[in-house]
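Chains as they are written, first to last, in the numbering used here: chain A, 36 to 338; chain B, 36 to 338. We put the CB at the ideal spot given by N, CA and C, even for glycine. Here the structure is laid out as structure tokens; the discussion comes afterwards.
Number of protein chains: 2
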Amino acid sequence: MSNNSTAAVIGLGSMGYGAALSLLRAGFSVHGVDVREEVLTRFSGEGGKAFATPAEAMPGVTIVFVFVVNAAQAETVLFGERGAVAAAAPGTLFLLCPTMPPSTTVAIAGRLADAGMQVLDAPVSGGSAKAMAGEMTVMASGSPDAFALAKPALDAVAAKVFRLGDRPGEGSKVKMINQLLAGVHIAAAAEALTLAAREGLDVAQVYDVIRVSAGNSWMFENRGKHIVDGDYTPHSAVDIFVKDMGIVTSEAGGVGASVLLSETALALFKEASAAGLGRMDDAAVAMVLARRAGIRLPGMEEE
Amino acid sequence: MSNNSTAAVIGLGSMGYGAALSLLRAGFSVHGVDVREEVLTRFSGEGGKAFATPAEAMPGVTIVFVFVVNAAQAETVLFGERGAVAAAAPGTLFLLCPTMPPSTTVAIAGRLADAGMQVLDAPVSGGSAKAMAGEMTVMASGSPDAFALAKPALDAVAAKVFRLGDRPGEGSKVKMINQLLAGVHIAAAAEALTLAAREGLDVAQVYDVIRVSAGNSWMFENRGKHIVDGDYTPHSAVDIFVKDMGIVTSEAGGVGASVLLSETALALFKEASAAGLGRMDDAAVAMVLARRAGIRLPGMEEE
């Protein structure tokens, strides 16, 4: 396989669009699939080929990145009406990139294998800027054959590929653990900066101290800045963490593990979503806590 | 003031002992105070002068580091029987280093000022290794005069001094915010690695992935390693976070701020303490979660 290959990217959201552009830059022909007309037009302008359904995009394709938002969408674009699998050539490699319950990943991978396809469990992280730069992190598991087939495409989209095992499901499990921490840390950053504001501290000064102290986290440094600046432009949205922390708590419940911090964080993301903040940056959970405490953080209007 | 000055360090625990040695290295004469005979003997061997009570240690001293564990001990060593204040020369500078409720810091600072003393609110972080190296972080607030008096001593013990305001209390507030995050992140690391183990993942591999991913935190990187290695040698103890998270939840309750993650983490630290793990490394909260989930983490014996 060389960069003369044709790859499909199903779902041109912030991560999928970045992956598609990275593949184009690496010399792949890229078939982009999305339901949004304006996104397809933009993608065509970048040199990609645009398709409204997965089935139409499959001819000539040897690698398919599934970059939809959740498990339900993944099942639809793979197995639903005008889905990819029925139209794909046998042996096509499918990379499953959404954060999904590990059991769902295993089930979908099984159906793909039954249909004669190769499959890599390949959830990603890193955010949209890293995706655009071809520097995503991939937490992958699957057969050595699948890894070998995927290599040129992974080289194009990722700065780092963790090889986490020979079976689909392991990648999804590690991604779930990452999301557990990420979600709790976002909520903790919101809790800490809201208490700081309530105590009359200068939140920008607190941010500068904590980010070089033992209280720091990747998320505090990244999302704490959003809270300090009052800028909730969505890079990753509240509703993403409603989904991902829901996966954590559901999976943990199924195996009898205690995840009370995750449950607490999930409740906060849900409350933010119910308050109409679901599509804002996930750091917007700070506004829920600020309202409860009767204070205003930067960027919050008078109510 | 020069390094010919005499400083006292009250409380030669892991942080205080490191500060005392750092002051000796910088040329200070150092009066060390502790209730433990063996610690005093060791300190004398390092070139310090050892005293069993604060009052005895005061003659000739111009700077006093208070390095006891909590607010009650601080009040005792300052104002109790054979305490420091009654025996100190007027104008002596007291650095209040324990993590205390901000309101308590303000009250103690007020009593010190009433007694004619200078005072700096100066909680520290960084752990015992940094303390021994003279590289603590200090989150300080107080008058410009107090900062000027403290400078040579702070230069000796700290790599970084945050100057957080002109009044005692501000330093304690910022330290409290740091502890909120540190405590939640330790509990989150325990929750994440326990779920990973329950899911059959290799916790060492998960650790290696997360520490370079968006789920990382300073505490995950530091304490997660203890969990992976099954090494709960106390660097900071469970009971320290019972105290510090208690300060967070109590203070937040007093001002009407919602800190549900902190409350959840506090409950976990309390449960670990009640299970007899109070003097172990704070990462030992993972063992509580592992028992609940019916699994064994590295270092846990069969039960």
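- For the pair ARG77 (chain B) and LEU58 (chain B), the Cα-to-Cα distance works out to about 16 Å.
- Where HIS66 (chain B) is concerned, the enclosing beta strand (DSSP E) starts and stops at 64 to 68.
- Taking C-beta separations shorter than 7 Å and ignoring five residues to either side along the sequence, the partners of ALA148 (chain B) in its chain run VAL154, following chain order.
- When the beta-carbon positions are compared, VAL283 (chain A) and LEU199 (chain A) stay at least 7 Å from each other.
- From the listed residues B:LEU47, B:VAL141, B:THR172, the smallest Cα separation to ALA249 (chain A) is found for B:THR172.
- By alpha-carbon distance to GLY83 (chain A), the top candidate from A:VAL277, A:VAL241, A:GLU256, A:ARG60 is A:ARG60.
- The alpha-carbon separation between THR134 (chain A) and LYS186 (chain B) amounts to approximately 51 Å.
- With the rule of 3 Cβ pairs closer than 8 Å, the region 262 to 277 of chain B does not count as touching the region 217 to 233 of chain A.
- Residue environment: GLY67 (chain A) is assigned as buried (16 or more neighbouring CB atoms within 10 Å of its CB, all protein chains considered).
- Sequence-distant Cβ neighbours of ALA106 (chain A) in its own chain, meaning closer than 6 Å and more than five residues away, are MET135, THR139.
- Judged by their CB atoms, ILE221 (chain A) and MET174 (chain A) are not nearer to each other than the 7 Å cut-off.
- LEU128 (chain B) sits in a strand when the DSSP states are folded into three classes.
- Boundaries of the alpha helix (DSSP H) around MET167 (chain B): 162 to 167.
- Here ASP180 (chain B) is exposed: its Cβ has fewer than 16 other Cβ atoms, across all protein chains shown, within 10 Å.
- Under a 10 Å Cβ-count criterion, GLU73 (chain A) is classified as exposed, with fewer than 16 other Cβ atoms of the shown protein chains found around its own Cβ.
- With respect to the 7 Å criterion, VAL103 (chain A) and VAL96 (chain A) are not classified as neighbours on the basis of their beta carbons.
- Cα atoms of SER163 (chain B) and VAL247 (chain A): separation of roughly 17 Å, rounded to the nearest angstrom.
- According to the DSSP secondary-structure assignment, ILE45 (chain A) is paired through a beta bridge with A:VAL68, A:VAL101.
- For MET254 (chain A), the enclosing alpha helix (DSSP H) starts and ends at 253 to 264.
- Using beta-carbon distances, ALA239 (chain A) does not count as an interface residue toward chain B, since no partner is under 7 Å.
- Those residues of the region 103 to 120 of chain B placed with their C-beta closer than 7 Å to a C-beta in chain A do not exist.
- Contiguous alpha helix (DSSP H) elements confined to the region 159 to 211 of chain A occur at 162 to 167, 179 to 192, taking only those with 4 or more residues.
- Inclusion of LYS208 (chain A) and PRO137 (chain A) in the CB contact set at 7 Å is warranted, their separation being smaller than that value.
- At the C-beta level, MET335 (chain A) and MET315 (chain A) stay beyond 7 Å of one another.
- Rounded to the nearest whole angstrom, the CA to CA distance from GLU110 (chain B) to VAL44 (chain B) is 15 Å.
- Below the 7 Å Cβ cutoff, chain B contributes ALA249 as neighbours of MET254 (chain A), in chain order.
- In terms of beta-carbon proximity, ILE212 (chain B) lines the interface with chain A, with at least one pair separated by less than 7 Å.
- VAL154 (chain B) carries a strand assignment under DSSP once its states are collapsed to helix, strand and coil.
- Interface annotation for the region 290 to 309 of chain A against chain B: VAL290, GLY291, ALA292, SER293, VAL294, LEU295, LEU296, SER297, GLU298, THR299, ALA300, ALA302, LEU303, criterion Cβ-Cβ distance under 9 Å.
- Nearest in C-alpha terms to GLY291 (chain B), of all of A:GLY281, A:LEU230, A:VAL241, A:THR299, is A:LEU230.
- Residue contact check for LEU332 (chain A) against chain B: no CB pair falls below 7 Å.
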